[in-house]
Structure formats: structure tokens, C-alpha cells
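As C-alpha cells, the structure follows; a few thoughts come after it.
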Amino acid sequence: MTIIDIPAGWPADEAAARALQRELRGRLVLDEPGPEPGTGHVTGLDVAYDDERDLVAAAAVVLDARTLDVVEETTAVGRVSFPYVPGLLAFREIPTVLAALDSLTVDPGLLVCDGYGLAHPRRFGLASHLGVLTGLSSIGVAKNPFTFTYDQPGPDRGDFSPLLADGAEEVGRALRTQSGVKPVFVSVGHRVSLAHACAHTLLLAQRYRIPETTRHADSLCRRALKAALGGGP
DNA sequence: GCGACAG
DNA sequence: ATCTTGTCGC
1 MTIIDIPAGW PADEAAARAL QRELRGRLVL DEPGPEPGTG HVTGLDVAYD
51 DERDLVAAAA VVLDARTLDV VEETTAVGRV SFPYVPGLLA FREIPTVLAA
101 LDSLTVDPGL LVCDGYGLAH PRRFGLASHL GVLTGLSSIG VAKNPFTFTY
151 DQPGPDRGDF SPLLADGAEE VGRALRTQSG VKPVFVSVGH RVSLAHACAH
201 TLLLAQRYRI PETTRHADSL CRRALKAALG GGP
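The letter at position 41 of the first sequence is residue 41 when you use UniProt numbering, and the numbering goes up by one with no holes.
Now the structure itself:
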């Protein structure tokens, strides 16, 4: 099993990482609607950690956006490339996630990330970062509101309310994917509109709160991590 | 200065 | 994220 190395020139500290985010932020494209919901491919991405052994396993699972059938799955294992710092999550996951994406043989279509895109202290979260690096459309679907505020959306599936930064700027939406269940937090990553990002999320979360893409990727990266642990040391 | 803080 | 059994429910 190959273990992905941390790239040369990778940010050595928090200041360098923040500077890189501000630089890459300039390449973010926010004026495209993105792929039509329900068509083409959608790819779920997620990672699992073993801080003890300094390992991170990433999974990419491509689904048919219309049927939600699995089209292809890949994994990659790497060294943990950054400590967890709120606002710098991307630096912890990106090298290994990119390796998993690189080994796909089909078009990933829309990237669905476990975390945020525009809803970020510098408006450049994981989903935006991955979008810019790959050039692909991307969205972020997070399970927690991070530092943002929102009013409770209506009780029905599809109801939503704005996710606000500084109490005023809409950086995403609290979207109810299942009636009577806590909402998820959707934000635009790269080359997708917020309306489409929410439409994609609803199509991917017809049965559970979390999108099928993320659910598949979550279980796969956990299995990949266990496999790496069992067959490595 | 202190607390909060995606995964 | 991760540590973790049984349990309630479809």
C-alpha cells in the first residue's frame, strides 16, 4: 500500500496556510450555476484519521446523480499533513483526497464535500479549495453551523433559512433534508450557485439527513483506514 | 485576555 | 474526527 507524501512546499504553519487561502481565493468562480441537479455524476469525499499513527485515509465515491447508483470508488492513504485548526481544515485533508480523486477513471462531475465552502472565515473552506485546485464544481455540506448563525428553518423537508456571517452576510443555508430532523449546512464551493447546491443536496438526501455521497465516502474511508492499519505496521 | 470553533 | 454497548424503531 502506497502512502501519499505531504507535497513539497506545503504550508509549514498557520500563517502560511492562511496566506495561501487568501491567494487561492482569487481564483474562485462564483458566477456559474453549475451542473443541472439530477444529471451526470456526483462524487462524495471524506476522510478518516488515526492521529496515533499519523495516518489519514480518503475516499472518493462517484454516484450516478439520477439513480444514486455507485459508479466508481477509490481510496488513498497518506500522512496527516496539518493539525486540526478551525478554518484550516482543508490543509489536513487535501493531499490524500486529491490522490483518491486522481485515481478515478470516470468524470467526477460535482464534488460534494463534508464541510464548508464559502461559509468560512476567509470565504475559502475545504469545498472551495478542492474546487479551485481541480477546476471542478463543488459544494460543501456540513453537519454543524461552525461559527455562523441562523434561524431555525421550517419543519418540512426542503425548508431552509440563511446561514449568516456577522449576522448579515448570507454565506450558505441551513437546509432541512428530512422533516423534523436537524438541518444540514450547505454552502457553495466553486462554480455552483447556492440554489443548485441546495437542490443537489436535497436530491442526495432523500432517505437520510446526510447526502448519500457523504455516507458512502464516510464508510469507505473508515474501511480503508482499518485496512491500512491491519496491513501496515 | 477568554471562549468558540467545519472535521 | 475519535473514544464506545446497548437499545429503540422502521
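The beta carbon of each residue, even a glycine, is placed where N, CA and C say it ideally should be.
Go through its chain and collect everything with a Cβ distance to SER137's Cβ below 8 Å, but skip five positions before and after it.
The beta carbon of SER137 lies closer than 8 Å to those of GLU32, GLY34, PRO35, GLY109, LEU110, LEU111, GLY131, GLY189, HIS190, ARG191 and VAL192 in the same chain, with the five residues before and after it left out.
Under the three-state reduction of DSSP, which class applies to ARG222: helix, strand or coil?
Residue state for ARG222 is assigned as helix, using DSSP reduced to three classes.
Delimiting residues of the alpha helix (DSSP H) encompassing LEU133:
Here the alpha helix (DSSP H) through LEU133 covers 126-134.
Whose C-alpha, out of GLY44, LEU55 and ASP46, is nearest the C-alpha of residue 249?
Outside the shown range of the chain, which is 1 to 233, sits residue 249, and nothing can be said about it.
Excluding five sequence neighbours on each side, which residues of the same chain lie with their C-beta closer than 7 Å to the C-beta of THR75?
Excluding the 5 residues flanking it on each side, THR75 has same chain C-beta neighbours closer than 7 Å at ALA57, ALA58, ALA59, ALA100, LEU220, CYS221 and ALA224, in chain order.
For ASP31, the three-state DSSP class (helix, strand or coil):
Taken through DSSP and simplified to helix, strand or coil, ASP31 comes out as coil.
Counting only the same chain and skipping the five closest in sequence on each side, list residues whose C-beta sits under 7 Å from that of SER81.
The residues are ILE6, TRP10, PHE91, ARG92 and PRO95.
If you drop the 5 nearest sequence neighbours on each side, which residues of the same chain put their C-beta closer than 7 Å to that of VAL47?
Beyond the five residues adjoining it in sequence on each side, VAL47 comes within less than 7 Å, by CB distance, of VAL56, ALA57, ALA58, GLU93, THR96, VAL97 and CYS221 in the same chain, given in chain order.
Please name the residue or residues paired with LEU118 in a DSSP beta bridge.
In the DSSP output, where bridge partners are listed per residue, LEU118 has none listed.
I'd like to check one pair, ARG173 with LEU163: are the Cβ atoms closer than 9 Å?
Taking 9 Å as the Cβ cut-off, LEU163 and ARG173 qualify as a contacting pair.
Could you work out which residue in GLY167, GLY78 and LEU104 is closest to VAL70 when comparing CA atoms only?
Ranking GLY167, GLY78 and LEU104 by CA distance to the CA of VAL70 puts LEU104 first.
What does a CB cutoff of less than 7 Å around LEU126 pick up in its chain, not counting 5 residues either side in sequence?
Result list for LEU126: LEU89, ALA90, GLU93, CYS113, GLY115, TYR116 and GLY140, in chain order.
On a Cα-Cα basis, can you pick out the residue from LEU28, TYR84 and ARG215 that is closest to ASP50?
Comparing alpha carbon positions, the residue from LEU28, TYR84 and ARG215 closest to ASP50 is TYR84.
For ASP151, collect the residues of the same chain with a Cβ closer than 6 Å to its Cβ; drop the 5 residues on either side in sequence, then sort them by chain order.
Apart from the 5 residues on each side of it in sequence, ASP151 sits with its Cβ closer than 6 Å to the Cβ of SER161 in its chain, given in chain order.
Contact set for GLY158: own chain, Cβ-Cβ below 7 Å, skip 5 residues either direction
Hits under 7 Å: ARG176 and LEU202.
Comparing the CB of GLY87 with every heavy atom of the ligand MG, is any distance shorter than 8 Å?
By its list of ligands, the structure shown contains no ligand whatsoever, and the ligand MG lies outside what it can speak to.
Would you tell me roughly how many angstroms separate the C-alpha atoms of SER179 and SER128, rounded to the nearest one?
Distance from the CA atom of SER179 to the CA atom of SER128, rounded to whole angstroms, is 29 Å.
Can you round the beta-carbon distance between ARG122 and GLN206 to whole angstroms, since I take them to be within the 8 Å contact cut?
Taking C-beta atoms under 8 Å as the contact rule, ARG122 and GLN206 fail to qualify, at a distance of about 33 Å.
Bridge partner(s) assigned by DSSP for CYS113
Paired residue(s): GLY140.
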